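Protein chains in written order, with my numbering: chain A, 22 to 365; chain B, 22 to 365.
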């Protein structure tokens with residue numbers, strides 16, 4: 022078990038390792054004095070994990086009340102956050118009670134936001150169950166929901182009191198979900214710790230790899246909590262990635278889309294003369310090891326059209342993340358025309 | 022003109038005095054770099070004030086776009102906050118643009134909340150136009166909306182970048198609104214600065230009195246931003262006040278309800294032997310000078326029934342604000358039975 026402290030907004034400890042869920046009761050007890058604990062999850066989370074969370078909360082003297090949200094990004098709505106607030110209200114939650122969310126990035130984002138706005142904020146403990154949530158979404162204090170056409174357009178910055186990251190939960194993860202998380206692990210390798218790339222495989226990553234990713238996320242989040250500077254490096258692969266995702270009609274997993282996006286961003290860097298030789302091959306090799314695809318040929322025209330339409334050039338261009346080398350990202354302001362013409 | 026600095030969440034300057042609106046452009050320019058400025062108001066705010074705000078924003082090179090909300094507490098809903106987010110989205114607002122709200126406590130609370138959650142927060146400048154907003158609601162970082170039966174049940178703590186408090190705006194205030202604000206001014210006098218009580222009349226208060234109230238609010242907000250301790254002193258008169266408001270079917274103005282609530286709280290303190298003689302008479306005299314009523318006889322049974330129902334005794338009782346003397350509030354934990362039996 023590794024304890025990783027985030028010195029943000031009053032502080033938050035993340036407990037990373039197999040069996041970490043056994044700390045949930047103790048952490049909930051530290052996080053809030055009230056007895057009531059909302060146990061929020063979604064329909065995609067295995068019942069056995071929820072049962073474990075419930076048992077640990079009861080052992081600590083809390084009274085868990087369950088709420089199951091419908092799974093999936095299309096359900097990441099303001100209405101979902103409102104339904105949580107209604108649930109808390111109907112169950113008589115006060116500012117001294119708290120919420121626990123067990124699940125992937127979608128329910129964590131929604132529940133974290135609801136906990137931040139109910140009575141202007143009640144305590145929140147996060148229990149990420151997917152690889153992408155355990156390495157990324159559960160940390161750094163970004164909560165929110167999608168709104169109109171905007172991803173995470175409504176939300177706020179709010180830290181959980183603790184993150185209980187039980188890597189045993191990864192064992193029940195479907196292959197596609199695991200590969201999806203690997204896309205983000207590769208992103209950490211490419212932008213911050215190249216050594217991580219050599220650890221990528223189709224197997225469940227070991228505790229050290231997960232913890233290493235959490236430390237990288239912490240480094241960027243602590244330096245730039247409000248995401249206006251260096252933290253944007255973590256958007257590497259995401260400008261193209263979001264376009265690939267949309268061009269596929271969202272049939273592509275987020276991790277696969279980011280994998281494509283990273284390859285496209287490295288190619289762009291090469292065309293601009295910004296990226297050293299060998300970078301492409303190293304990232305490509307990791308992507309293949311993870312069992313992710315590397316050929317985005319069919320989606321390319323659609324993605325380009327979306328970027329041209331969405332990022333209407335207002336003269337200032339896009340803050341685009343390029344790699345000078347593995348572990349050496351740079352943020353370059355590039356016009357949409359420059360990006361797309363370089364990639365013809 | 023008086024400048025009062027709030028050292029909360031990144032800091033906020035309040036500019037209090039006649040003609041303060043002429044600083045709006047300069048403050049908006051300091052608060053956000055983007056050109057777009059949402060100018061949010063409600064249907065109760067005189068058009069001349071909005072026109073002044075618009076002109077000042079334009080002078081500073083901003084491009085104001087107006088949004089008028091329906092006036093009144095029943096419109097302080099999550100749907101109203103959502104409509105502001107939609108408006109910002111449709112007008113292409115980014116994180117570098119900002120929102121200005123001119124109005125009373127209701128639109129300020131809604132717009133402050135929407136600005137806090139749109140793209141996880143855009144800059145917000147507050148222009149209070151009523152006495153209650155100029156002395157209370159515009160400061161201290163509480164934003165939010167009513168939800169289900171709960172007042173301010175959804176919201177967050179978020180500071181405006183600046184408060185432009187133009188006391189000239191008070192000249193257009195209807196008599197009832199002015200008296201309503203006087204209820205809160207009397208509250209500051211009773212709990213913190215007894216000298217203020219002698220300045221209360223039916224006339225528009227002078228700039229010094231408004232500024233004095235802002236300084237008292239600042240003192241409590243800076244000591245206890247998250248409202249878990251000493252700031253709760255500002256709830257003086259509000260436990261009974263909310264009950265009177267509800268018992269009247271919300272036909273009572275908030276200020277009148279708080280005036281009744283303060284008198285009832287002082288009587289309770291006298292019955293419990295906690296309040297010195299003379300306090301009741303001093304507050305009663307100020308209430309009468311403001312043109313507010315002092316006889317809540319008819320509403321008393323209804324208010325008691327509501328308190329008994331709402332504040333279900335969970336054993337811990339209510340944190341009730343009593344006055345030992347003028348300017349000497351104490352928070353006492355009292356059971357509902359004790360409160361109501363003392364008041365028979």
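Built from N, CA and C at the ideal position, the CB exists for glycine as well.
These numbers come from a predicted model, not from an experiment.
Check: Through-space distance from residue 166 of chain B to residue 165 of chain A, alpha-carbon basis; Outcome: 18 Å
Check: Cβ-Cβ separation, residue 146 of chain A to residue 185 of chain A (assumed contact under 8 Å), whole Å; Outcome: 7 Å
Check: Any chain B beta carbon closer than 7 Å to residue 82 of chain A; Outcome: no
Check: Residue 66 of chain B and residue 124 of chain B closer than 7 Å at C-beta; Outcome: yes
Check: Contacts of residue 272 of chain B in chain A (Cβ-Cβ under 8 Å); Outcome: Result: empty, since nearest Cβ-Cβ is about 26 Å, beyond 8 Å.
Check: Per DSSP, the bridge partner or partners of residue 341 of chain B; Outcome: B:353
Check: Three-way DSSP call (helix, strand, coil) for residue 85 of chain A in this model; Outcome: strand
Check: Under the three-state DSSP convention, the category residue 277 of chain A falls into; Outcome: helix
Check: Start and end residues, alpha helix (DSSP H) containing residue 128 of chain A; Outcome: 126-138
Check: Exposure of residue 118 of chain B, with buried meaning 16 or more beta-carbon neighbours within 10 Å; Outcome: buried
Check: Alpha helix (DSSP H) segments (min. 4 residues) lying fully within the stretch 268-316 of chain B; Outcome: 275-292, 300-310
Check: Exposed unless 16 or more other CB atoms sit within 10 angstroms - verdict on residue 240 of chain B; Outcome: exposed
Check: Backbone secondary structure at residue 363 of chain A - three-state DSSP; Outcome: helix
Check: Cβ neighbour criterion (16 or more within 10 Å) applied to residue 198 of chain A; Outcome: buried
Check: Cβ separation of residue 295 of chain A and residue 345 of chain A, assumed to be a contact under 8 Å, to the nearest whole Å; Outcome: 6 Å
Check: Inter-residue CB distance, residue 106 of chain A and residue 175 of chain B (contact presumed, cutoff 8 Å); Outcome: 6 Å
Check: Range covered by the beta strand (DSSP E) that runs through residue 187 of chain A; Outcome: 183-187
Check: Alpha-carbon spacing of residue 307 of chain A relative to residue 214 of chain A, whole angstroms; Outcome: 13 Å
Check: Validate contact between the stretch 130-138 of chain B and the stretch 93-109 of chain B using beta carbons, cut 8 Å, 3 pairs; Outcome: yes
Check: Status (buried if at least 16 other CB within 10 Å, exposed otherwise) for residue 268 of chain A; Outcome: buried
Check: Reduced DSSP secondary structure (H/G/I, E/B, other) of residue 261 of chain A; Outcome: helix
Check: DSSP three-state assignment for residue 145 of chain A, whether helix, strand or coil; Outcome: strand
Check: Outcome for residue 26 of chain A when other beta-carbon atoms lying within 10 angstroms are tallied against a minimum of 16; Outcome: exposed
Check: C-beta atoms of residue 120 of chain B and residue 136 of chain B nearer than 7 Å; Outcome: yes
Check: Any chain B beta carbon closer than 7 Å to residue 169 of chain A; Outcome: yes
Check: Buried versus exposed call for residue 283 of chain B [16 or more other C-beta atoms within 10 Å across all chains shown]; Outcome: buried
Check: For residue 138 of chain B, the nearest candidate out of B:280, B:173, B:177 (CA to CA); Outcome: B:177
Check: DSSP-derived helix/strand/coil call for residue 193 of chain B; Outcome: helix
Check: Contacting residues, own chain, Cβ-Cβ under 8 Å from residue 334 of chain A (five flanking each side not counted); Outcome: Reliability of the predicted coordinates at residue 334 of chain A is poor, the pLDDT of 46 falling under 50, and no value is obtained from them.
Check: Integer-rounded CB distance, given that residue 188 of chain A should sit under 8 Å from residue 37 of chain A; Outcome: 7 Å
Check: C-beta atoms of residue 368 of chain A and residue 153 of chain A nearer than 7 Å; Outcome: Coverage of chain A is limited to positions 22 through 365, which leaves residue 368 of chain A absent and any answer about it impossible.
Check: For residue 313 of chain B, the nearest candidate out of B:347, B:293, B:227, B:223 (CA to CA); Outcome: B:223
Check: Cut-off 6 Å between Cβ atoms - residues of its own chain near residue 278 of chain B, not counting five sequence neighbours on either side; Outcome: 262, 265, 266
Check: Proximal residues of chain B, C-beta to C-beta of residue 163 of chain A below 9 Å; Outcome: 141
Check: Closer than 7 Å to chain B by CB, residue 177 of chain A; Outcome: yes
Check: Buried versus exposed call for residue 272 of chain A [16 or more other C-beta atoms within 10 Å across all chains shown]; Outcome: exposed
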